[in-house]
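Asker: Below are the structure tokens for one structure; questions will follow.
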Amino acid sequence: MPSIVSLNKKIASCKKCPRLATYIRDVAKNKVRRFKDEKYYGKPLSGFGDVNAKLLIVGLAPAAHGGNRTGRMFTGDSSGDWLAKVMHKHGFASIPTSQTKDDGLRLKNAYITAAVRCAPPQNKPTREEMETCFGYLEQEKTILKNVTTVLCLGKIAYDAACKLYKVKPEKFGHNKLFRYDDIQILTSYHPSKQNTQTGRLTWKDWSAVFAKAKKLSNT
38 MPSIVSLNKK IASCKKCPRL ATYIRDVAKN KVRRFKDEKY YGKPLSGFGD VNAKLLIVGL
98 APAAHGGNRT GRMFTGDSSG DWLAKVMHKH GFASIPTSQT KDDGLRLKNA YITAAVRCAP
158 PQNKPTREEM ETCFGYLEQE KTILKNVTTV LCLGKIAYDA ACKLYKVKPE KFGHNKLFRY
218 DDIQILTSYH PSKQNTQTGR LTWKDWSAVF AKAKKLSNT
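What follows is the structure, given as structure tokens:
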């Protein structure tokens, strides 16, 4: 069985999806003005966190100027801010912010990953790209032996989790819990600006999901 270290090295060197490989390199080269003086990571991203975790958090994909810039998922953008803040509040994170890869953030009883490891144009990976990337999620599942609860941020993450655990997807919604023989799947809207700035996802509703996730992962 591969270790998490060897798997992460494999992910970082992956170029299986030509469209995504080209896109993340181009974004890293042609930076947006606000980050013009920063060096972008510009490679596929592995997951991160506590390898003994009971809670697995699955997102969609790295953000072009967030994770693709900083080299860590949910880091350096507003989605990362929302996630770090709520995880700190509920005891999963050592600090309430997620700004850089070496900012000291440590996760406890939680591991963060994504359905797709490269930032996709318009945040929309193709079905083929999701299929190609799925094997990395399967390998993480094998390594993360203690996971009892999966928290899915968005429908694509939920569909990937259902495929991973070979269960039939049900109607997606915020703060829904689906129990199966060997896994619990909890769903949430993604903390994207599209959701948080429009009020579709409020802080109260976001925090309620993590309160439930904490209770589930501590049992």
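Quick note on the working numbering: the sequence shown kicks off at 38 and runs consecutively.
Glycine included, C-beta positions come from ideal geometry on N, C-alpha and C.
#1: Here's a check: name, in chain order, each residue in its chain whose Cβ is nearer than 6 Å to the Cβ of residue 79, leaving out the five neighbours to either side.
#2: How big is the Cα-Cα spacing for residue 242 and residue 93?
#3: Do three or more CB pairs link the region 106–126 to the region 227–240 at distances below 8 Å?
#4: Helix, strand or coil for residue 85? Go by DSSP, reduced to three states.
#5: Would you kindly work out how many angstroms separate the C-alpha atoms of residue 195 and residue 106, rounded to a whole number?
#6: Can you give the beta carbon distance from residue 133 to residue 127, rounded, assuming they're within the 8 Å contact cut?
#7: Can you give the Cα-Cα distance for residue 121 and residue 245, rounded to whole angstroms?
#8: Any chance you could list the beta strand (DSSP E) runs of at least 3 consecutive residues sitting entirely within the region 189–244, in chain order?
#9: Three or more C-beta pairs under 8 Å: does that hold for the region 195–205 against the region 128–148?
#10: Would you kindly work out how many angstroms separate the C-alpha atoms of residue 99 and residue 256, rounded to a whole number?
#11: Is residue 113 near the ligand MG - that is, is its Cβ less than 7 Å away from at least one heavy atom of it?
#12: Where does residue 179 land, buried or exposed, given buried means 16+ other C-beta within 10 angstroms?
#13: With burial defined as no fewer than 16 other Cβ atoms inside 10 Å of the residue's Cβ, what is the status of residue 254: buried or exposed?
#14: On the three-state DSSP scale, how would you describe residue 172?
#15: Residue 120 lies in the alpha helix (DSSP H); which residues open and close that run?
#16: Is it true that the region 169–177 meets the region 137–147, where meeting means three or more beta-carbon pairs spaced less than 8 Å apart?
#17: Let me make sure I understand the geometry here. Which of 163, 183, 238, 156 has the alpha-carbon closest to that of residue 190?
#18: Quick check on the burial criterion: 16 or more other C-beta atoms within 10 angstroms. Buried or exposed for residue 112?
#19: Can you confirm whether the region 45–58 touches the region 67–77 when touching is taken to mean that 3 or more C-beta pairs between the two stretches lie within less than 8 Å?
#20: Counting C-beta neighbours from all protein chains within 10 Å, is the total for residue 83 16 or more, i.e. buried, or is it exposed?
#21: Which residues bound the alpha helix (DSSP H) around residue 94?
#22: Measure the C-alpha to C-alpha separation of residue 250 and residue 207 and round it to an integer number of angstroms.
Answerer: Let's see:
#1: 61, 62, 65
#2: 19 Å
#3: yes
#4: strand
#5: 25 Å
#6: Not confirmed; about 11 Å, so no contact.
#7: 15 Å
#8: 213–216, 221–225
#9: no
#10: 30 Å
#11: As for the ligand MG, it is missing from this structure, which has no ligand bound.
#12: exposed
#13: buried
#14: helix
#15: 115–126
#16: no
#17: 238
#18: buried
#19: no
#20: buried
#21: Run containing residue 94: none in the alpha helix (DSSP H); it sits in the beta strand (DSSP E), 92–96.
#22: 19 Å
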